[in-house]
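Under full-length UniProt numbering, the first residue of the sequence shown carries the number 1, and numbering increases by one thereafter.
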Amino acid sequence: MLGQYKEAKVMLEQAKKQSEGLGERLRVAQCLQDLGNISYMWLGQYEEARVMLMQAKEHFEGLGDRLGVAQCLQSLGFTSQVVGQYEEAKVMLEQAKEQFEGLGSKPEAAQCLQSLGYMNQMLGQYEEAKVMFEQAKEQFEGLGNKLGVTQCLQNLGNISQMLGQYEEAKVILEQAKEQLEGLGDRLGAAHCLKTLGNISGILGEYEKAKVMLEQAKEQFERLRDRLGAAQCLQSLGNISYMLGQYGDAKVMLQQAKNQFEQLGDRQGAAQCLQRLGKLQPIRFTTLNIFIFLVVLLLALALRYYFRI
């Protein structure tokens, strides 16, 4: 709880050994579960976490502890999600959800549904993701979990944008932004504002988009979220390009490219480079001028010939 995770691991390993010596199988399973959760959640040791969580799950199964099994399955699903193994994560989270539902554990079942929505979203299965987020939202509403409701709203808005349902996305994201602000989640609200700005840009509402993206950039900078700020700069550069403000576009896109490079975001840097390439002036070399003149003379000759 104090964030002293390495120290916690040492103590839990000692507790596990002593519990094994005493034949306390339930405590052994609980120690393994805690060790696995600490390894994946806080130390980034995903393979080690998976081994321990699988061992804990087997122990719980041997003891007939269905709740322990479901919790391990959920953690294993989260671990697979973090390392990008989405199909495997989906299988585990679906199993965990079914077990939580069978045990009447509604909060955990809702969390699994929400995570399954993320999985489908990452896999490009947007319609399925929408269904799951809507179901999770309803369950969070029933539980009075405002943060869960708002997170589902935010994801539903993002999915509507991806599906080209821009007006629907705007309404949902406005609701999510207001609720996140009410909950004090400034980072979540900034992400909503950024997406709303991008949607306005897509709809050709460039001045409105610029205001929103400037506000979002300022919020990201205050929160020291460099990636969010760089993405806003990129969008602002693209909008300036669309408005024919090429000087402003060049400055913003160059700044965004530099920030993406510092963050190791090669895709973002490449996108900025691509747009910057379109801003480069045409260079008239001697060969280019010669070719232009030849084509022009041919065109004039053909025009004269057909008149005759």
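C-beta: ideal position from N, C-alpha, C; glycine also. Only a predicted model underlies this, so the values are computations on that prediction, with no experimental measurement involved.
Separation of residue j from residue i, as counted between CA atoms
i: V251; j: Q219; result: 20 Å
i: M92; j: Q139; result: 20 Å
i: Q81; j: F292; result: 56 Å
i: D248; j: I159; result: 31 Å
i: K9; j: C112; result: 26 Å
i: Q215; j: A299; result: 52 Å
i: E205; j: W42; result: 42 Å
i: G62; j: L26; result: 10 Å
i: A70; j: Q45; result: 21 Å
i: L193; j: L22; result: 56 Å
i: G188; j: Q95; result: 29 Å
i: D185; j: N198; result: 20 Å
i: M1; j: G237; result: 43 Å
i: S200; j: N145; result: 30 Å
i: A169; j: L196; result: 8 Å
i: A176; j: E47; result: 35 Å
i: R275; j: G244; result: 13 Å
i: K97; j: L223; result: 34 Å
i: L297; j: Q271; result: 39 Å
i: Q154; j: L173; result: 6 Å
i: V83; j: V294; result: 59 Å
Exposure of residue i, with buried meaning 16 or more beta-carbon neighbours within 10 Å
i: Y5; result: exposed
i: R266; result: exposed
i: F60; result: buried
i: K278; result: exposed
i: Y246; result: exposed
i: K17; result: exposed
i: F133; result: buried
i: A256; result: buried
i: Q151; result: buried
i: G117; result: buried
i: M212; result: buried
i: I308; result: Bear in mind that a pLDDT of 48 at I308, under 50, signals an unreliable position, so the model cannot answer this.
i: residue 310; result: There is simply no residue 310 to check, as the chain begins at 1 and stops at 308 in what is shown.
i: I289; result: exposed
i: G64; result: exposed
Near the ligand FMN: residue i beta-carbon under 7 Å from a heavy atom
i: L293; result: The ligand FMN is not among the ligands present in this structure, which contains no ligands whatsoever.
Beta-carbon proximity list for residue i, same chain, < 7 Å, skipping 5 on both sides
i: R66; result: Q99, L103
i: G36; result: A49, M52, L53, A56, S75
i: L147; result: L183
i: I239; result: G201, Y206, A209, K210
Residues of its chain near residue i, where Cβ-Cβ distance is below 8 Å and the 5 sequence neighbours each way are ignored
i: Y86; result: S80, M119, M122, L123
i: A229; result: K217, F220, E221, Q259
i: R226; result: F220, Q259, Q262, L263
i: C232; result: K194, G197, L213, E214, A216, K217, F220
i: V28; result: K16, S19, E20, H59
Neighbourhood of residue i by C-beta, 6 Å cutoff - its chain only, sequence neighbours within 5 removed
i: G268; result: F260
i: V149; result: K137, F140, E141
i: S115; result: L93
i: L180; result: T150, G188, A189
i: S105; result: none
Point to revise | Length at least 4, wholly inside the segment 233 to 270: the alpha helix (DSSP H) runs in chain order | key: Counting whole runs of 4 or more residues, the segment 233 to 270 contains the alpha helix (DSSP H) stretches 246 to 263.
Check your understanding: Considering only residues of the segment 94 to 171, which uninterrupted alpha helix (DSSP H) runs meet the minimum length of 4 residues and lie entirely inside it, listed in chain order?
Key -> Every unbroken stretch of the alpha helix (DSSP H) spanning 4 or more residues and falling wholly within the segment 94 to 171 is given here in chain order: 106 to 122, 126 to 143, 146 to 162.
**Study point:** Residue ranges of each alpha helix (DSSP H) within the segment 23 to 98, 4 or longer
**Key:** Counting only runs of 4 or more, we get 25 to 41, 46 to 63, 66 to 82.
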